[in-house]
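See below for the structure under consideration.
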Amino acid sequence: MPLRTEVCQLAVRDVGGVDVLINLLETDEVRCKLGALKILKEISHNPALRRAISDRGGIKPMVELLRSPNRDLKCLSAEAIANVAKFPRARRTVRQNSGIKKLVALLDCPNLNSYPMTPEVERDIEVARCGALALWSCSKSARSKVAMKKAGVISLLARLLKSPHEAMLIPVVGTLEECASEQSYRVAIRTEGMIEDLVANLRSDNQELQMHCAATIFKCAADAETRDLVRYHGGLSPLVDLLSQQDNKELQAAATGAVWKCAISPENVAELQKQGIIEKLVKLLTDQPEEMKNYLYVNSVSARVKLVSRTEKVLVNVVGALGEMAADVKNVNLIKRTNGIPPLVSLLTGTNQELLVNTTRALGRIAVDPDSVPIIDRNDGIRLLWSLLKNPNPDVQANAAWALCPCIENAKDSGEMVRSFVGGLEIIVSLLHSEHVNVRAAVCGAISKIAMDEENLAVITDHGVVPLISSLSHTKNDVLRRPLADAIARCCCWGTNRSEFGKAGAVRPLVSYLKSTDPEVHCSTAKALYQLSRQPENCMEMHAAGAVDYLLEMVGSKNAELQSAAAACISNIRRLALATEKVLQERRVKAQAEYMKQLAHQRQQLEAGGKQVDEEGEEEEEE
């Protein structure tokens, strides 16, 4: 009965075979070691046996054998370690026994590209391949990645990546894929020239190799320089070609992920669009297996559930890519023409958080186009976005709120539409209590759009929006400052809100926003200060906070909106100052007139008193 069957593997463990095999590794007989390693390599495919080998101290002797002069021993030890190191405790044991350094040393294959191939060179290549397999398993640990880098793994992987041997390339690229989650490795992959090799291997006939190359590019393309290199080396075309791999969902997920990240750069968007990327992405949205149309999340290992999971990864990446493409208005029109909006809206009913984050972002960008909003609304998209404000994930909440902003702005009769969502305004205001800055910023943005309708502004005022926004005004985060200032500017247009903002202490913090380095913050703040400056008490507070000096500088801005708002605010402050000066002058004139009147009255009294004294003196003389 073969050792790969679970029955045999468990039987070896149950009769104490694991202990015997580990003891054989410490003998002096090479053939005993080879036989024991062959068995350990086979049975370690079983998770229970991996833990048994680790618990019985089997990793340490395997690590020691990596220094053996016998190539077969090194190969088998590395392969066994690759199988055992699938769980954290085993990886930690490998690292603590200096196994990382020894495994990295196995990658040093000086005759990698020699021709013709000799048996000696083939054995050296096999040693390097087995070492790469073990490092692939170990690289799932953050500390192991650090140890690998210290041992000099990067330059060795860069050299092995140029190998023509596919069996070698798969574990090498797999290791790079794991390590690319670290910024330092991404920089090294770029600077060592590995992007060119990864792009070249995208054209391989081996789908597993293609998948790992695409997945590595997906992680590395988080950096702008890498995205440019992928385009420079012609990597966008093979990535687009891989989107058609419907039978291999892992490969399709990796390819769509790489396309998504590469599409962050506008230059790549233009290049991708030449290859009809939007039509292909929309087709992927609509051509999903039947399982995706009606599925339940259950704890199961069935093929159906696995297919759903893999398909969701594809959808997350496809929607992410469409969201990046939608940053260009021309592409929004193309998404609309290819009927891509309805399938996007239908994804809002799912529960996958990553998918919801990407879908809400994509719809938010599409809704910037006024003609797309009716399509979203007809498919119940706006109501679904509003319902996602109650989602426990803050990223979903924030993206849903941001997506609602253009929907409200571009919808016909948006005020009535907003009021039709029962309890919707109360939810919006309550989210200002959120602990997450992105949620508060997005909600402030939504409030600034909602407040364009007078009735809705009255309702959110009754819900206490003024004191809540005022309490956020002390923030130093520009992400929150701009939408918060927009919200204040809009909310000032109702009742006594201007006065209430002043009483709540929102004026002085707003003046400090003018010190920001973000021009958009300046523009929003100037608008808010202009609205607040229509209340005399607020003008006095602005003047005392030194707003005039900053506003005078902004009058010379190239931004017409900022110029106008700053000038109007200064005008209000100046008008109040002139009015105050006029009142003071009138008071001074009046006081002076009153004073002169009193002096005249006193003089008259003195003169009258003097005459009386003279008359009395004359009378005395006559007597």
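Using the UniProt record's numbering, read the sequence shown as starting at 1 and increasing by one per residue. Glycine is no exception: its CB is placed at the ideal position from the N, C-alpha and C atoms. Being a predicted model, the structure only gives us computed values, none of them experimental.
Output the distance between the C-alpha atoms of L384 and R95, rounded to the nearest integer angstrom.
Rounded to whole angstroms, L384 to R95 spans 49 angstroms at the Cα level.
Which residue from H436, I428, S434 puts its Cα closest to that of A451?
Selected option, being the one with the closest Cα: I428.
Would you report the Cα separation of K306 and E250, rounded to the nearest angstrom?
Only weak support is given to the placement of K306: the predicted model assigns it a pLDDT of 49, under 50, and the question is left unresolved by the model.
Check M117 in the structure and name its three-state DSSP category.
Looking at M117 - three-state DSSP - the assignment turns out to be coil, as it is neither helix nor strand.
How many Å lie between V173 and S516 at the Cα?
Each residue's alpha carbon lies about 44 angstroms from the other.
Tell me whether the beta-carbon of K74 lies closer than 8 angstroms to the beta-carbon of V127.
Yes; because the gap between Cβ atoms is below 8 angstroms, this pair is in contact.
Tell me whether P392 is buried or exposed, calling it buried when 16 or more other Cβ atoms sit within 10 Å of its Cβ.
Exposed, by the Cβ-count rule.
Tell me the start and end of each unbroken alpha helix (DSSP H) in the region 175 to 203 that is at least 4 residues and wholly inside, in chain order.
DSSP runs (the alpha helix (DSSP H)) wholly in the region 175 to 203: 183 to 191, 194 to 201.
Look up L25 in the DSSP assignment and say whether it is helix, strand or coil.
The answer is coil: DSSP assigns L25 none of H, G, I, E or B.
Using a 10 Å radius around the Cβ and a threshold of 16 neighbouring Cβ atoms, would you call E29 buried or exposed?
That one is exposed.
Can you check which of these residues, T351, N352, P266, A200, is closest to L322 by C-alpha distance?
For the residues T351, N352, P266, A200, the minimum Cα distance to L322 belongs to P266.
Any idea what DSSP makes of M452, helix, strand or coil?
Residue state, collapsed to three classes: coil.
Grouping DSSP H, G and I as helix and E and B as strand, with all else coil, what is K306?
With a pLDDT of 49 at K306, under the threshold of 50, the predicted position of this residue should be treated as unreliable, and no value is reported.
Kindly indicate which residue of S139, V373, R378, V357 has the alpha-carbon position closest to the one of L389.
Per the Cα distances, V357.
Whole angstroms are fine: how far does the CA of L432 sit from the CA of H165?
Distance between the alpha carbons of H165 and L432: 57 angstroms.
Among T525, M540, R186, S470, which has the Cα closest to the Cα of A215?
When only C-alpha atoms are compared, the closest one is R186.
How many Å lie between Q183 and A142 at the Cα?
When rounded, the distance between both Cα atoms is 12 angstroms.
Take R123 and list the residues in its own chain whose beta-carbon comes closer than 7 angstroms to its own, dropping the five residues that flank it on each side.
If we look at R123 and ignore the five residues flanking it on each side, its Cβ neighbours are R71.
For P88, I'd like the list of residues in its chain whose CB is within less than 7 angstroms of its CB, leaving aside the five on either flank, ordered along the chain.
Closer than 7 angstroms at the Cβ level, and outside the excluded window around P88, lie S141.
I'd like the list of long-range same chain contacts for V301, defined as Cβ closer than 6 angstroms, with 5 residues on each side in sequence excluded.
Confidence in V301 is poor, its pLDDT being 42 and thus under 50, which makes the residue's placement too unreliable to answer from.
Could you pull out every residue in the same chain whose Cβ sits closer than 7 angstroms to the Cβ of residue 644, ignoring the five residues on either side in sequence?
What the structure shows of the chain is the stretch from 1 to 623, and residue 644 is not part of that stretch, so it cannot be assessed.
Relative to the C-alpha of D377, which candidate in L404, K101, G495, T256 has its C-alpha closest?
For D377, the nearest C-alpha among the options comes from L404.
Please confirm if the region 559 to 568 is in contact with the region 520 to 527, defined as three or more CB-CB distances below 8 angstroms between the two stretches.
In short, these stretches touch, since the Cβ pair count reaches three.
What do you get for K602, buried or exposed, if any count of 16 or more other CB atoms within 10 angstroms of its CB means buried?
Looking at the sequence provided, one finds Gln at residue 602 rather than Lys. So Q602 ends up on the exposed side.
Could you say which of R482, P119, C130, M540 lies nearest to A446 if we only look at CA atoms?
A446 has its Cα closest to that of R482, out of R482, P119, C130, M540.
Do A180 and C213 have their beta-carbon atoms positioned less than 8 angstroms apart in this structure?
Cβ distance not < 8 angstroms, so C213 and A180 don't count as in contact.
Hey, quick one: how far does the alpha helix (DSSP H) through D14 stretch, first residue to last?
Residues 6 to 14.
Please report the Cβ distance between F501 and L532, rounded to the nearest whole angstrom; I am assuming they are in contact, meaning their Cβ atoms lie under 8 angstroms.
6 angstroms between Cβ atoms; contact.
Taking V465 as the reference, give the member of S68, D453, V479, C444 with the closest Cα.
Minimum Cα distance to V465 is reached at C444.
Please classify D55 as buried or exposed, where buried requires at least 16 other C-beta atoms within 10 Å of its C-beta.
D55 comes out exposed.
I'd like the list of long-range same chain contacts for K102, defined as Cβ closer than 7 angstroms, with 5 residues on each side in sequence excluded.
Excluding sequence neighbours, K102 sits near V63, L66, R67.
Roughly how many angstroms lie between the CA atoms of E541 and C262, to the nearest whole one?
In a straight line, the C-alpha of E541 is about 49 angstroms away from that of C262.
Within 10 angstroms of the Cβ of L176, are there 16 or more other Cβ atoms? Answer buried if so, exposed if not.
Classification for L176: buried.
Our contact map puts E196 next to A158 with C-beta atoms below 8 angstroms; I'd like the distance itself, whole angstroms only.
Not really, about 11 angstroms apart at Cβ, beyond 8 angstroms.
Take the Cβ of L236 as the centre, count every other Cβ of all protein chains shown within 10 Å, and call the residue buried at 16 or more, exposed below.
The residue is buried, with at least 16 neighbouring Cβ atoms inside 10 Å.
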